[in-house]
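So that you can map any letter, position 177 of the sequence shown is 177 in full-length UniProt numbering, and since no number is skipped, the others follow by simple counting.
Built from N, CA and C at the ideal position, the CB exists for glycine as well.
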Amino acid sequence: MGKSDEGLKSETAPVPRETPRSHRSAALVGALPGLAVAVVVACVAALLGQLVPLIGGPVFGILLGVVAAAGIRPLRAQPMTAGYRTAGTFVLQASIVVLGTGLSLGEVAQVGATSLPVMLGTLAVALGGAALVGRALGLDADTRTLIGVGTGICGASAIAAASAALKPKDSDVAYAIGTIFTFNIAAVLLFPPIGHLLGLGAHSFGLWAGTAVNDTSSVVAAAESYGGGASSYAIVVKLTRSLMIIPIVMALVALRTKRQRAAEGLSRSRLPWRRMVPAFIVGFVLAAALDTVGAVPASWHPGLSALGTFLVTVALAGIGLNLRIAEMRKAGARPLLLGGALWVAVGLASLGLQAVTGML
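Quick look at the structure:
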């Protein structure tokens, strides 16, 4: 065989094909720089959250992410965005699973038997009001859904879970987080004096705070400020309310899947049930079940809760880093108007339902 034949053979040799595993490895390596930036921002946000617990690490995370990306040009470079997206998807889903370890289904069953009508009623008011008022205000579907879920269930954690299901624009998530944050502060300041003015007992105030205040930290702050042992009941009500994440996320995934298939001309075929039950929701339920049977030691709860909150902070930092301020100017004050309307409606509905069911 001559040199020309050898050259021809080398030129026509097959090129090794890239396997799915090598593709995933390359994607992971490419995401590391942006993910590392999100973690650094989250660390700073977590420290600030400890200093100002009323605001909390997750809110600081998205705020610092937006500011950092706006002020430091290299952070806006295209190679960094892969890591930000990883934080806003996979880390976000992992945070929901970890947070499930703090949910005892036994306590949920005990509290749910008495408070379920109030919880379901306030959730219906939040979601129905978000659809009606949000549409009247001209907000897009994802923004009003995220604000409704955040108001009706559990603030930033519910927004995180719904975001993992809906995959909305980063600006929609920012609108929802900012709105929930605003009315969390208002609730902590206003609920205790209003409760004393109405003469609510500790149990009634705990149920009111647990169903009408958004984030867990704000529920604790408002109930502790009210005193009389209201905080212990409010916390359990709030954790029970968090379980509403499961059916809501499954419904959102089913709706999104149905719309996608309709757009592809597949509306008459069966929905793929495996896609309708996200893996992170299965993980959330399994984590709660493990905690219920005592497989998660009580001594681990503070650490796991802190880890779950930190993962939410990393995810929101990634979303903030990937967000551009110009995108947020379009909606103006409309998300706040929707959040305010829902906040008032849910607060009144909680008190009204307690009165109707004889719990006030």
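Range covered by the alpha helix (DSSP H) that runs through residue i
{"i": "Lys238", "result": "230-242"}
{"i": "Ser163", "result": "155-166"}
{"i": "Thr145", "result": "141-149"}
{"i": "Phe284", "result": "279-292"}
{"i": "Pro58", "result": "57-71"}
{"i": "Arg85", "result": "78-86"}
{"i": "Leu99", "result": "92-99"}
Spatial neighbours of residue i in its chain, beta-carbon cut-off 6 angstroms, leaving aside the 5 residues before and after
{"i": "Val133", "result": "Leu338, Ala341"}
{"i": "Ala287", "result": "Val97, Gly100, Thr101"}
{"i": "Ser269", "result": "With a pLDDT of 49 at Ser269, under the threshold of 50, the modelled position of this residue cannot be trusted, and the question is left open."}
{"i": "Gly61", "result": "Ala42, Ala45, Thr313, Leu316, Ala317"}
{"i": "Val66", "result": "Gly320, Leu323"}
As assigned by DSSP and simplified to three states, the class of residue i
{"i": "Asp215", "result": "coil"}
{"i": "Leu348", "result": "helix"}
{"i": "Lys258", "result": "helix"}
{"i": "residue 388", "result": "An answer regarding residue 388 cannot be provided, because it is not within the stretch 1 to 360 covered by the chain."}
{"i": "Ser104", "result": "coil"}
{"i": "Trp343", "result": "helix"}
{"i": "Asn184", "result": "helix"}
{"i": "Ala46", "result": "helix"}
{"i": "Ala324", "result": "Going by the sequence as given, residue 324 is Arg instead of Ala. Of the three classes helix, strand and coil, the one that applies to Arg324 here is coil, per DSSP."}
{"i": "Ser269", "result": "Caution applies to Ser269, whose pLDDT of 49 falls short of 50 and renders its modelled position unreliable; the value that the coordinates give is listed next. Reduced to three states, the DSSP call for Ser269 is coil."}
{"i": "Leu54", "result": "coil"}
{"i": "Pro192", "result": "helix"}
{"i": "Val41", "result": "helix"}
{"i": "Val356", "result": "helix"}
Residue of the options minimising C-alpha distance to residue i
{"i": "Ser104", "options": "Leu166, Ser299, Leu316, Gly294", "result": "Gly294"}
{"i": "Ser95", "options": "Ile153, Ala160, Gly150, His196", "result": "Ala160"}
{"i": "Gln260", "options": "Val220, Ile235, Gly358, Lys167", "result": "Lys167"}
{"i": "Leu353", "options": "Pro117, His301, Leu323", "result": "Pro117"}
{"i": "Phe205", "options": "Val237, Arg334, Ala251", "result": "Val237"}
Proximity below 8 angstroms, CB of residue i to CB of residue j
{"i": "residue 373", "j": "Ala176", "result": "With the chain covering 1 to 360 only, the question about residue 373 has no answer from this structure."}
{"i": "Val282", "j": "Ser157", "result": "no"}
{"i": "Ile319", "j": "Val173", "result": "yes"}
{"i": "Pro192", "j": "Tyr226", "result": "yes"}
{"i": "Arg256", "j": "Cys154", "result": "no"}
{"i": "Ile325", "j": "Ala45", "result": "no"}
{"i": "Gly57", "j": "Thr357", "result": "no"}
{"i": "Val125", "j": "Ala349", "result": "yes"}
{"i": "Ser171", "j": "Leu323", "result": "yes"}
{"i": "Thr182", "j": "Leu48", "result": "no"}
{"i": "Ala202", "j": "Ala230", "result": "yes"}
{"i": "Gly30", "j": "Ala82", "result": "yes"}
{"i": "Asn184", "j": "Ser218", "result": "yes"}
Residues of its chain near residue i, where Cβ-Cβ distance is below 7 angstroms and the 5 sequence neighbours each way are ignored
{"i": "His301", "result": "Gly102"}
{"i": "Ala87", "result": "Leu35, Ala38, Val314, Ala315, Ala317, Gly318"}
{"i": "Ala68", "result": "Val41, Leu75, Leu321"}
{"i": "Gly347", "result": "Ala212"}
Residue i Cβ short of 7 angstroms to the ligand SAM heavy atom set
{"i": "Ala176", "result": "By its list of ligands, the structure shown contains no ligand whatsoever, and the ligand SAM lies outside what it can speak to."}
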